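**Student:**
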Ligand SMILES: [Zn+2]
């Protein structure tokens with residue numbers, strides 16, 4: 046049996062409290078970790094001295110646009126972008142065209158990811174049919190999955206939009222709870238946001254652009270906290286961005302309610318000031334907000350109010366993003382930039398401890414969606430899956446979106462000077478070069 050030795054790296058897994066210089070021996074036939082220890086030997090060796098050997102990073106919020114918009118991204122290019130960016134597992138959102146609201150559409154995602162042969166991929170299913178907000182989708186059938194349960198939806202969301210009706214959301218929480226699934230909400234009161242395209246504040250006023258207030262996010266966070274409690278169900282807040290929303294989650298957690306939340310790196314690093322020159326790489330939803338919101342999101346991530354990180358990787362074509370600010374689509378890509386920008390801007394200056402950073406991309410992300418049920422552990426363990434991300438914390442590089450494997454280039458971090466990058470992403474014992482290898 047061929048074995049692969051990751052030799053002399055700093056083995057770093059906050060969840061299992063591993064932090065020592067040693068070896069990880071991988072059985073490539075079974076795709077599992079055979080041993081973690083000292084002075085091991087294998088058929089093939091990767092020298093990891095001076096490098097950080099972590100559990101494979103997990104991104105629970107990406108958009109791969111297939112079916113329907115393969116000019117923006119496909120499952121193949123998105124999966125390649127994931128492993129190039131250091132992610133061994135991704136969870137794709139169902140707002141494709143047509144949306145993923147039935148078991149066949151869910152199965153298609155798994156099959157295309159198998160064909161791509163890069164990252165592990167798990168789809169969420171829609172909460173409502175066609176993401177139209179009117180009628181519940183076939184949650185039971187999607188949760189059961191096809192192919193003997195292998196092709197199952199791991200959670201439910203209408204991401205890109207919130208489900209407007211409280212009645213249908215109550216039912217969704219009840220079904221999801223019975224099915225042992227999490228409801229994931231893009232929290233936005235669309236009646237209040239009313240088609241506005243950026244955060245409502247000083248910058249939107251100065252630009253003369255319609256903004257929408259943080260209250261639109263807070264209202265749906267508040268509503269769903271109440272509805273989830275009514276159903277005894279689990280609720281996960283997608284891409285939290287407003288300080289009031291962070292406080293609502295903090296208070297719900299203090300009451301021991303079943304809530305988790307994720308934050309995207311751009312909401313920890315950028316504000317609406319980025320919109321001042323109408324650069325569409327700063328246009329996304331939820332929008333970039335104010336410094337006090339950025340500070341609250343980081344504080345929430347540090348104190349555990351916010352559980353994990355997620356990219357909200359949202360590819361668009363260059364033609365679409367070259368439109369006027371008001372007409373360009375929302376969203377930015379993140380898979381190949383997120384590790385580097387966070388290591389440089391938050392971890393290196395001591396604002397975010399390395400252990401919290403790794404945990405937020407691994408075991409905490411797994412816990413938010415219960416991905417352990419699907420064989421993803423987010424930890425390094427003997428006999429566990431050989432999913433490993435190797436980081437070079439000393440690597441100095443300049444972010445160049447032209448080197449990305451993603452089809453898209455809509456990245457506000459383009460041109461940033463960075464220190465720290467993923468160099469290998471190992472998925473089930475298969476080694477992929479990551480962006481820091483160049
Ligand atoms: Zn969203």
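In my numbering, the protein residues as written are 46 to 483. Ideal placement from N, C-alpha and C gives every residue a C-beta, glycine not left out. Model, not experiment: these values are computed from the prediction.
Would you kindly work out how many angstroms separate the C-alpha atoms of residue 116 and residue 452, rounded to a whole number?
**Tutor:** Going by the C-alpha atoms only, they are around 8 angstroms apart.
**Student:** So, at 8 angstroms on beta carbons, what are the nonlocal neighbours of residue 371 in its own chain, with the 5 sequence-adjacent residues on each side left out?
**Tutor:** Hits under 8 angstroms: 242, 254.
**Student:** Just to confirm my understanding: we take residue 259, look at its own chain, exclude 5 residues before and 5 after, and list those with CB closer than 6 angstroms. What are they?
**Tutor:** 287, 289.
**Student:** Going by DSSP, which residues form a beta bridge with residue 168?
**Tutor:** Residue 168 pairs with 137.
**Student:** Beta strand (DSSP E) containing residue 485: first to last residue?
**Tutor:** What the structure shows of the chain is the stretch from 46 to 483, and residue 485 is not part of that stretch, so it cannot be assessed.
**Student:** Does the segment 410 to 428 come within contact of the segment 313 to 333, defined as at least 3 CB pairs closer than 8 angstroms?
**Tutor:** Counting Cβ pairs under 8 angstroms, fewer than three are found: no touch.
**Student:** Between residue 102 and residue 132, is the Cβ-Cβ spacing less than 8 angstroms?
**Tutor:** A contact, by the Cβ cut-off of 8 angstroms.
**Student:** What span of residues does the alpha helix (DSSP H) with residue 148 cover, start to end?
**Tutor:** That run of the alpha helix (DSSP H) goes 148 to 161.
**Student:** Run the CB neighbour count on residue 363, radius 10 Å, all protein chains shown included, and call it buried at 16 or more, exposed below.
**Tutor:** Exposed.
**Student:** Closest to residue 154 by C-alpha separation, out of 301, 381, 196, 229, would be which residue?
**Tutor:** Comparing Cα positions, the closest option is 196.
**Student:** If you draw a straight line from the C-alpha of residue 67 to the C-alpha of residue 84, how long is it?
**Tutor:** Rounded to the nearest angstrom, the two C-alpha atoms are 7 angstroms apart.
**Student:** Residues around ligand 1, please: the condition is that the C-beta lies closer than 6 angstroms to some non-hydrogen atom of it.
**Tutor:** Spelled out in chain order, the answer is 204, 205, 231, 283, 284.
**Student:** Report the option in 48, 69, 120 whose CA atom is closest to the CA atom of residue 87.
**Tutor:** Of 48, 69, 120, the residue nearest in Cα terms is 48.
**Student:** Using 8 angstroms as the threshold, is the C-beta distance between residue 164 and residue 198 below it?
**Tutor:** Cβ distance not < 8 angstroms, so residue 164 and residue 198 don't count as in contact.
**Student:** Pairing CB atoms from the segment 92 to 100 with CB atoms from the segment 339 to 352, are three or more of them under 8 angstroms?
**Tutor:** The answer is no - the segment 339 to 352 does not touch the segment 92 to 100, with fewer than three Cβ pairs under 8 angstroms.
**Student:** Looking only at its own chain, which residues have a Cβ that is under 6 angstroms from the Cβ of residue 261, when we skip the five neighbours before and after it?
**Tutor:** 233, 234, 237, 238, listed in sequence order.
**Student:** Any chance the segment 295 to 303 sits against the segment 371 to 383, with 3 or more Cβ pairs inside 8 angstroms?
**Tutor:** No, because fewer than three Cβ pairs between the segment 295 to 303 and the segment 371 to 383 fall closer than 8 angstroms, the two stretches do not touch.
**Student:** Determine the burial state of residue 148: buried for a count of at least 16 other Cβ atoms within 10 Å of its Cβ, exposed for fewer.
**Tutor:** Its Cβ being crowded by 16 or more others within 10 Å, residue 148 is buried.
**Student:** By a C-beta neighbour count over all protein chains shown, 10 Å radius and 16 as the cutoff for buried, is residue 99 buried or exposed?
**Tutor:** So residue 99 ends up on the buried side.
**Student:** Relative to the C-alpha of residue 125, which residue among 477, 482, 481, 483 is closest?
**Tutor:** The option with the nearest alpha carbon to residue 125 is 477.
**Student:** Do the CB positions of residue 272 and residue 214 come within less than 8 angstroms of each other?
**Tutor:** Cβ distance < 8 angstroms, so residue 272 and residue 214 count as in contact.
**Student:** Measuring alpha carbon to alpha carbon, tell me which residue in 382, 361, 388, 387 is nearest residue 375.
**Tutor:** The shortest Cα separation from residue 375 among 382, 361, 388, 387 belongs to 361.
**Student:** State the CB to CB distance for the pair residue 138 and residue 204, rounded to an integer number of angstroms; the pair is presumed to be in contact (CB under 8 angstroms).
**Tutor:** About 4 angstroms separates the two Cβ atoms, so the contact holds.
**Student:** Answer yes or no: do residue 104 and residue 356 have a C-beta to C-beta separation smaller than 8 angstroms?
**Tutor:** The answer is yes: Cβ separation under 8 angstroms.
**Student:** Is residue 424 helix, strand or coil when you go by DSSP?
**Tutor:** Three-state DSSP puts residue 424 in coil, outside helix and strand.
**Student:** If I'm right that residue 96 touches residue 378 with Cβ under 8 angstroms, what's the distance once you round it to whole angstroms?
**Tutor:** Contact doesn't hold; Cβ gap of about 25 angstroms is too wide.
**Student:** Are there three or more Cβ pairs, one per stretch, closer than 8 angstroms when the segment 393 to 405 is compared with the segment 441 to 461?
**Tutor:** Not touching, per the Cβ criterion.
**Student:** Could you compute how far the alpha carbon of residue 151 sits from the alpha carbon of residue 55?
**Tutor:** Going by the C-alpha atoms only, they are around 38 angstroms apart.
**Student:** Compute the Euclidean distance between the alpha carbons of residue 157 and residue 431, then round it to the nearest angstrom.
**Tutor:** Near 22 angstroms, if we compare the C-alpha coordinates of residue 431 and residue 157.
**Student:** Report yes if the C-beta distance between residue 106 and residue 244 is below 8 angstroms; otherwise report no.
**Tutor:** No, Cβ-Cβ distance for residue 106 and residue 244 is not below 8 angstroms.
**Student:** From residue 225 to residue 218, what distance separates their C-alpha atoms?
**Tutor:** In a straight line, the C-alpha of residue 225 is about 10 angstroms away from that of residue 218.
**Student:** For residue 61, I'd like the list of residues in its chain whose CB is within less than 8 angstroms of its CB, leaving aside the five on either flank, ordered along the chain.
**Tutor:** Closer than 8 angstroms at Cβ, skipping near neighbours: 424, 425, 426.
**Student:** Can you find a heavy atom of ligand 3 that lies under 7 angstroms from the Cβ of residue 457?
**Tutor:** Although ligand 3 was asked about, the structure shown includes only ligand 1 as ligands.
**Student:** I think residue 481 touches residue 388, with their Cβ atoms under 8 angstroms apart; what is that distance to the nearest whole Å?
**Tutor:** Contact flag wrong, Cβ pair sits at about 10 angstroms.
**Student:** Roughly how many angstroms lie between the CA atoms of residue 282 and residue 266, to the nearest whole one?
**Tutor:** Straight-line Cα distance between these residues: approximately 7 angstroms.
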